[in-house]
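Residue numbers (this note's numbering): 830 to 1131.
Written as structure tokens, this is what we have:
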């Protein structure tokens, strides 16, 4: 099964001509499918449409959103095409799966106290802890995507100006600032913890794992889950990016500036954060404003 995943990863990049990010996302979904087969003691060659449906039903029962399951189906369709070419499947059974219509839900956003609780849950007495504190402070401070944080190069960090040169989606580069708190932890990590992790290795990326190699997107997810469990704050890594954008807008930043900082090609994508802020204002109003809440206080209909 591991050989199939590696072969599939190469196939997505070299044959289907997708990006490395898409290949990693597809492999992650297919890895979950293979784990499902292992738990059911089923061979990959024996899987069919019913097996795929059972996998997706289990994903739904575990609370995964329709958007996640839609991504799973896209990955499984590509995987099925690969398995058919390899002669493992007689046909691509995943083509019979219907993608769910994913609602565009407002992303979850943390308030400032929750962000602080989350970041302070990191044990900074260890090198890996210092790395994680610097990493997640920087993601929140600059609104980075996970892939952007994983691929950040030391040569692209400019402490004097407090700016990062970020390589984003579609091979687009942008310059983003980072704050004083992120600067403090990043400098501390680079001077105290990173040398202990990389040892004699020459690594261009800022963030590395315990063996000194670049930290992967999957590693960033996994470490964040441990931090989330310890803090008691329910969130995902991307929630820090959502919170960054929402807090900027709430503080008076204009939409165009936030669009540039996030690296959105379409302003409409950034506008979702204005809806989040409006939702929060409504919640605040409903909770604290004692006036009319839709009740007919005069006893008659109007």
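For every residue, glycine included, the Cβ atom is placed at its ideal position computed from N, Cα and C. Treat the numbers as computed from the prediction; the structure is a model and nothing was measured.
Buried/exposed call for residue i, threshold 16 Cβ in 10 Å
i, result
"residue 927", "exposed"
"residue 984", "exposed"
"residue 1083", "exposed"
"residue 872", "exposed"
"residue 1098", "exposed"
"residue 1052", "buried"
"residue 835", "exposed"
"residue 974", "buried"
"residue 986", "buried"
"residue 882", "exposed"
CA nearest to the CA of residue i, picked from the options
i, options, result
"residue 951", "863, 963 and 853", "963"
"residue 1014", "957, 1061 and 1086", "957"
"residue 853", "1081, 1050, 1086 and 1071", "1050"
"residue 971", "1075, 896 and 836", "1075"
"residue 1035", "1069, 1068 and 977", "977"
"residue 1002", "994, 1023 and 1022", "994"
"residue 1006", "895, 869 and 1089", "1089"
Reduced DSSP secondary structure (H/G/I, E/B, other) of residue i
i, result
"residue 995", "strand"
"residue 990", "coil"
"residue 936", "coil"
"residue 1003", "strand"
"residue 982", "strand"
"residue 895", "helix"
"residue 1125", "With a pLDDT of only 41 at residue 1125, under 50, the local geometry of the prediction cannot be trusted, and the value read off the model is given with reservation. Reduced to three states, the DSSP call for residue 1125 is coil."
"residue 974", "coil"
"residue 1095", "coil"
"residue 958", "helix"
"residue 1028", "coil"
For residue i, the residue or residues it bridges with in DSSP
i, result
"residue 906", "Answer is none; residue 906 lacks a bridge partner."
"residue 1037", "1043"
Contact under 8 Å by Cβ, residue i with residue j
i, j, result
"residue 1060", "residue 959", "no"
"residue 857", "residue 1047", "yes"
"residue 1071", "residue 938", "yes"
Residue i beta carbon near the ligand FAD (any heavy atom closer than 7 Å)
i, result
"residue 885", "With respect to the ligand FAD, the structure shown offers nothing to examine, as it has no ligands at all."
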